[in-house]
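What follows is a short report on a single structure.
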DNA sequence: CCGCATCCGAATAGATACTG
DNA sequence: CAGTATCTATTCGGATGCGG
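Protein chains in written order, with this note's numbering: chain Y, 1 to 199; chain V, 1 to 199.
Written as structure tokens, this is what we have:
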């Protein structure tokens with residue numbers, strides 16, 4: 001508990017007692033993509049400093065939002081409570097997309113992956129009955145894929161087993177117009193899925 | 001901007017650049033109940049200190065989450081962007097309800113009102129077709145009411161115009177078993193609505 | 001009083017160095 | 001690799017002051 005508690009009998013205040021410290025929700029964001037080791041988390045949180053990351057993970061573990069695998073090399077993963085934060089965190093991210101990024105804002109493959117999931121609009125998917133697709137992304141040095149099914153979208157790290165379509169780009173900003181993107185597989189799948197994302 | 005920006009090209013990080021400071025989301029919580037003056041906000045944020053509240057309101061105004069009415073006595077209110085935070089903040093509050101409050105946790109009518117809205121479960125209301133009700137609460141010194149319609153619930157301060165039922169209790173914790181509650185009006189409305197709240 | 005601005009001790013965050 | 005220890009820079013919390 002790095003932050004002093006609000007000590008209020010209110011769900012929001014209690015949530016913020018646990019999640020309201022600087023960096024904490026970004027740690028959760030990192031783990032929403034799957035279990036990660038300490039250094040892998042730190043790598044996607046530029047500027048955090050090892051002591052703070054250790055504090056945050058300790059606090060999240062204490063509140064059973066996160067658990068650590070056994071041994072020195074154990075990975076951190078979200079518990080059921082932590083996983084329950086997914087819709088909340090995605091909602092916050094959708095809200096935040098409405099604000100322009102600073103001109104010097106950095107990018108990271110893990111954030112790009114996360115933002116794809118946040119940009120997914122289930123209500124659009126509902127209009128396309130039975131929409132189901134697996135799309136693999138290969139951006140400079142990083143690989144992840146989206147699984148779209150039952151009007152839901154999950155972004156997962158690594159290559160897909162059998163993607164319907166694969167998008168390859170040297171740039172992080174493959175959503176930008178004019179970006180050079182190479183498409184492998186069934187391009188029509190990508191066209192069908194595209195309107196489900198608020199990009 | 002009290003908090004240093006994360007400077008990340010990510011919706012979540014941008015949302016936290018705006019909302020991640022201590023107290024900020026609790027200010028939003030206060031305004032979700034309707035426009036309030038500086039001192040009214042401060043009254044439901046024990047411990048905030050006038051300077052911090054002024055800072056937070058300035059920052060929220062700068063990001064167009066909040067606007068201030070004209071004149072010295074102007075009220076602060078949520079803009080459209082601020083109002084868009086309602087589902088997100090309610091989601092966080094629902095999540096936080098899963099954690100036990102500290103033994104010394106304080107209560108406040110405004111938080112109680114907010115938590116009723118957070119406890120509302122639309123999926124339960126969907127099972128009761130055409131559910132519609134207005135319930136007024138009179139707890140020690142404070143009055144608010146819930147408007148339930150179209151599988152939504154809004155908590156509003158003050159008395160209702162024509163409530164279906166009115167609940168009167170001296171204690172804040174009227175949800176507790178054994179609490180003495182006086183019911184005026186159609187008690188069956190209350191019984192029908194009750195399962196829609198996770199209390 | 002209300003809505004802040006200023007000041008100061010205490011608590012947090014950030015950066016670097018160090019250890020099992 | 002996975003943290004801990006330490007030191008410094010910010011930020012917070014609380015008190016006070018001040019103009020309208």
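Note that beta-carbon positions come from the ideal geometry of N, C-alpha and C, so glycine has one too.
Query: Contact between the segment 69-89 of chain V and the segment 32-50 of chain V (3+ Cβ pairs under 8 Å); Result: yes
Query: Three-state secondary structure assigned by DSSP to residue 148/V; Result: strand
Query: Segments assigned alpha helix (DSSP H), at least 4 residues, entirely inside the segment 111-156 of chain V; Result: 122-127
Query: CA-to-CA distance, residue 20/Y to residue 1/Y, given in whole angstroms; Result: Summary for residue 1/Y: the model assigns pLDDT 44, below 50, so the residue's position carries little reliability; its value from the coordinates is reported in the next sentence. Each residue's alpha carbon lies about 10 Å from the other.
Query: Inter-residue CB distance, residue 160/V and residue 145/V (contact presumed, cutoff 8 Å); Result: 4 Å
Query: Rounded straight-line distance, which links the Cα of residue 63/Y to that of residue 106/V; Result: 21 Å
Query: Amino acids of chain Y, ordered along the chain, whose beta-carbon sits closer than 7 Å to that of residue 107/V; Result: 9
Query: Alpha carbon of residue 67/V to alpha carbon of residue 193/Y, nearest angstrom; Result: 38 Å
Query: Own chain residues within Cβ distance below 7 Å of residue 42/V, not counting five before or after; Result: 48, 50 and 53
Query: DSSP bridge partner residues for residue 184/V (one or two, in chain order); Result: 166/V
Query: Beta-carbon gap between residue 14/V and residue 96/Y smaller than 8 Å; Result: yes
Query: Entirely enclosed alpha helix (DSSP H) segments - the segment 53-83 of chain Y, minimum 4 residues; Result: 80-83
Query: C-beta neighbour in chain Y for residue 115/V, strict 8 Å; Result: yes
Query: Identity of the residues DSSP links to residue 36/V by a beta bridge; Result: 76/V
Query: Local conformation of residue 97/Y per DSSP, three classes; Result: coil
Query: Integer Cβ distance of residue 196/Y from residue 86/Y, believed to fall under 8 Å; Result: So it is not a contact: roughly 18 Å between Cβ atoms.
Query: Boundaries of the alpha helix (DSSP H) in which residue 17/Y is found, first to last residue; Result: 11-19
Query: C-beta contact flag for residue 92/V and residue 12/Y at 8 Å; Result: yes
Query: Same chain, Cβ closer than 6 Å to residue 200/V, five either side skipped, listed in chain order; Result: In the structure as shown, chain V begins at 1 and stops at 199. Residue 200/V is therefore absent and cannot be evaluated.
Query: Whether residue 28/V touches residue 88/Y by CB criterion (8 Å); Result: no
Query: Residues bridged to residue 197/Y [DSSP beta-bridge criterion]; Result: 120/Y
Query: Residues that residue 85/Y contacts on chain V, provided the C-beta gap is smaller than 8 Å; Result: 95
Query: Inter-residue CB distance, residue 185/V and residue 110/V (contact presumed, cutoff 8 Å); Result: With 8 Å as the limit, residue 185/V and residue 110/V do not qualify as a contact, their Cβ atoms being about 24 Å apart.
Query: Distance between residue 7/Y and residue 199/Y (C-alpha atoms, nearest Å); Result: 40 Å
Query: Chain-ordered neighbours of residue 157/V on chain Y, where CB pairs are closer than 9 Å; Result: Residues of chain Y passing the Cβ test: none, with the nearest at roughly 16 Å.
Query: Cut-off 7 Å between Cβ atoms - residues of its own chain near residue 164/V, not counting five sequence neighbours on either side; Result: 133, 134, 135, 185, 186 and 189
Query: Any C-beta of chain Y under 8 Å from that of residue 148/V; Result: no
Query: Under the three-state DSSP convention, the category residue 42/V falls into; Result: helix
Query: Close Cβ partners of residue 18/Y (< 8 Å) along its chain, the five nearest in sequence each way excluded; Result: 24, 59, 60, 63 and 65
Query: Span separating the alpha-carbon of residue 82/Y from that of residue 120/Y; Result: 20 Å
Query: Per-residue burial, residue 151/Y [other beta carbons within 10 Å of its own, 16 or more giving buried]; Result: buried
Query: With 16 other Cβ atoms within 10 Å as the buried cut-off, status of residue 112/Y; Result: buried
Query: beta-carbon residue 108/V near the ligand SAH non-hydrogen atom, thresh 7 Å; Result: For the ligand SAH, the structure offers nothing, since it holds no ligand at all.
Query: Anticipated Cβ contact below 8 Å, residue 9/Y with residue 101/V, distance rounded; Result: 5 Å
Query: Euclidean distance between Cα positions of residue 122/Y and residue 170/V; Result: 44 Å
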